[in-house]
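These protein sequence lines are chains F and E, in that order.
Note that the first sequence covers residues 999 to 1197 in the numbering used here.
Note that the second sequence covers residues 999 to 1197 in the numbering used here.
There are 2 protein chains.
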Amino acid sequence: MSAGRPRTFEEQEVLDRAIELFWRQGYEVTGLSQLLEHIGMARQSLYNVFGDKRGLYLKALDAYSAQELARLESNLSVNVSAYDSLCDCILAYADEPKMGKPAGCMIVNASCEFGTTDAEVTSTAQQFWDHYAGRIQRSLEAAMAAGDLPPGLDARRSAWAVTQAVTAMRVLQRAAVPKDRVRDVANSAIEGIAVNAGF
Amino acid sequence: MSAGRPRTFEEQEVLDRAIELFWRQGYEVTGLSQLLEHIGMARQSLYNVFGDKRGLYLKALDAYSAQELARLESNLSVNVSAYDSLCDCILAYADEPKMGKPAGCMIVNASCEFGTTDAEVTSTAQQFWDHYAGRIQRSLEAAMAAGDLPPGLDARRSAWAVTQAVTAMRVLQRAAVPKDRVRDVANSAIEGIAVNAGF
DNA sequence: TACAAAATTGACCGTCTAGTCTGTTATGTC
DNA sequence: GACATAACAGACTAGACGGTCAATTTTGTA
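Put into structure tokens, the structure is as follows:
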């Protein structure tokens, strides 16, 4: 049943490298030759494994989404109060981009580049934001249960507002806007959480 | 001194058409042939007048920025209270894109596409956001003077928060996220204005 | 009406693009 | 060790890309 020469690359490693390049440069501007060199893969192998350039891009975008959600989960489940870890998490975004990492958010970049011309991209983006806001909402509800936020708070709407504040922060980072200005957005988002509750 | 055949196109009209195409498609994906056809200009004329493709793009981006700031000014100087017109203005963004207009914001798209690889683009973007927030701040200060907002409000920071809420809204529109979700961001931004003042 | 200046036109250039094709190499199975 | 299977490697293709060149047309001025 199974035979043949085994592949000399790790799929996850290839995806990580593809994320790095597409995230930094975007889809259209990234040429196939540069892409192949960067992921360390032979031309034909890419077409065997991923179908074509777009296929690899979509897989990389999905992998990025999963990584980013996992990072959020990790940041929010530290061993302090839900409210504190949420605030820390939001503020931590203001310290990006980390050295060697591209600026901004690959999902945001993809949305802006493709608009509605690629249904798979828009679907991935919409699901990403839904999941992201959903996880924030869970932390808000935990904070309410712990008494750190008032019980009347609309956790769903506040979570969405926080999510979109992060979106804006990552656009600013993409354009190299000074960190202080990014931090302002983070702080306003945090202070805005309680506004529905009449704190 | 002056002689020669007069040009058969209006520069402003050419810029408007270039804005339309670059805004919808982005820079890289827009081919020169399609661009020339869309702006109704001969190949060589473009190079005579604008230098090259990038030159036209940068001029179009500047023109877009000016148009958008003029539209903000117009929306905010309607003949009602500063506070009401600001709220209306923010909420009005949730009803975009207008029929026939591209979704999202050309400045945001440009920032995401180019990142920091084009100094002129990032400079234009940063100045746009500064001017935008500056105009919002003026309205907030007017609202404070009218007694519609508390005197302790940090108008500068609130204006920046509003500006970046609009940024996020236009990213969502670019990805065809449902209008209700966009409206949520607008409402949260409005409600967040007063939070610094202990309303 | 001759001349100069500027805009237009269309052919043309080398380069790069995504993607294909063919042949070779390496491996597991029998 | 023969064979089937799959990955690797490199040459190749057709077309699109941004940009240039030379020739032509159209105008204002003298």
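Think of the CB as a built atom: it goes at the ideal place given N, C-alpha and C, for glycine as much as any other residue.
Exposed unless 16 or more other CB atoms sit within 10 angstroms - verdict on residue i
i                  : result
methionine 1039(E) : buried
leucine 1030(F)    : exposed
threonine 1149(E)  : The question names threonine, yet the displayed sequence has proline at residue 1149(E). It is exposed - the Cβ of proline 1149(E) has fewer than 16 other Cβ atoms within 10 Å.
proline 1176(F)    : exposed
asparagine 1107(E) : buried
arginine 1052(E)   : exposed
histidine 1041(E)  : For the record, residue 1041(E) in the displayed sequence is arginine; it is not histidine. Exposed is the call here.
glutamine 1032(F)  : exposed
valine 1076(F)     : exposed
valine 1119(E)     : buried
glycine 1102(F)    : buried
arginine 1172(E)   : buried
aspartate 1182(F)  : buried
arginine 1022(E)   : buried
alanine 1123(F)    : buried
alanine 1153(F)    : buried
valine 1078(E)     : exposed
arginine 1069(F)   : exposed
methionine 1097(E) : exposed
serine 1072(E)     : exposed
serine 1063(E)     : buried
glycine 1049(E)    : exposed
leucine 1013(E)    : buried
arginine 1179(F)   : buried
Any C-beta of chain E under 8 Å from that of residue i
i                     : result
glutamate 1111(F)     : yes
glycine 1150(F)       : no
asparagine 1107(F)    : yes
glutamate 1118(F)     : no
phenylalanine 1094(F) : In the sequence as presented, phenylalanine is not what sits at residue 1094(F); that position holds glutamate. For glutamate 1094(F), the answer is no, since every Cβ of chain E falls outside 8 Å of its Cβ.
serine 1137(F)        : no
glutamine 1124(F)     : yes
glutamate 1071(F)     : no
glutamate 1018(F)     : no
valine 1175(F)        : yes
glycine 1132(F)       : no
glutamate 1066(F)     : no
arginine 1179(F)      : yes
arginine 1015(F)      : no
alanine 1153(F)       : no
arginine 1005(F)      : no
glutamate 1026(F)     : yes
Element boundaries [alpha helix (DSSP H), containing residue i]
i                  : result
arginine 1005(F)   : No alpha helix (DSSP H) contains arginine 1005(F), which DSSP labels as neither H nor E.
methionine 1167(F) : 1153-1172
alanine 1144(F)    : It is not in any alpha helix (DSSP H) - alanine 1144(F) carries neither H nor E in the DSSP assignment.
lysine 1051(F)     : 1051-1074
aspartate 1093(E)  : Counting along the chain, aspartate 1093(E) falls outside any alpha helix (DSSP H), and DSSP gives it neither H nor E.
asparagine 1046(E) : 1041-1048
valine 1180(F)     : 1177-1191
cysteine 1110(E)   : 1104-1112
glutamate 1026(E)  : No alpha helix (DSSP H) holds glutamate 1026(E); DSSP gives it neither H nor E.
CB contact check: residue i to chain F, cutoff 8 Å
i                 : result
serine 1043(E)    : no
aspartate 1182(E) : yes
glutamine 962(E)  : Coverage of chain E is limited to positions 999 through 1197, which leaves residue 962(E) absent and any answer about it impossible.
alanine 1141(E)   : no
glycine 1098(E)   : no
valine 1169(E)    : yes
serine 1075(E)    : no
alanine 1101(E)   : yes
glutamate 1035(E) : no
glycine 1029(E)   : no
serine 1186(E)    : yes
alanine 1058(E)   : no
arginine 1052(E)  : no
alanine 1157(E)   : no
alanine 1090(E)   : no
glutamate 1011(E) : no
serine 1000(E)    : Note that serine 1000(E) has pLDDT 49, beneath the 50 cutoff, so the model's placement of it is unreliable and the number below is only indicative. With 8 Å as the cut-off, serine 1000(E) does not count as an interface residue toward chain F.
Is it the case that the segment 1112-1119 of chain E contacts the segment 1142-1151 of chain E, given that we only count it when at least three CB pairs across the two stretches are under 8 Å?
no
Decide if the segment 1170-1187 of chain F is in contact with the segment 1148-1168 of chain E; the criterion is three or more beta carbon pairs, one per stretch, under 8 Å apart.
yes
Okay, do the segment 1006-1023 of chain E and the segment 1091-1109 of chain F touch, 3+ Cβ pairs below 8 Å being the bar?
no
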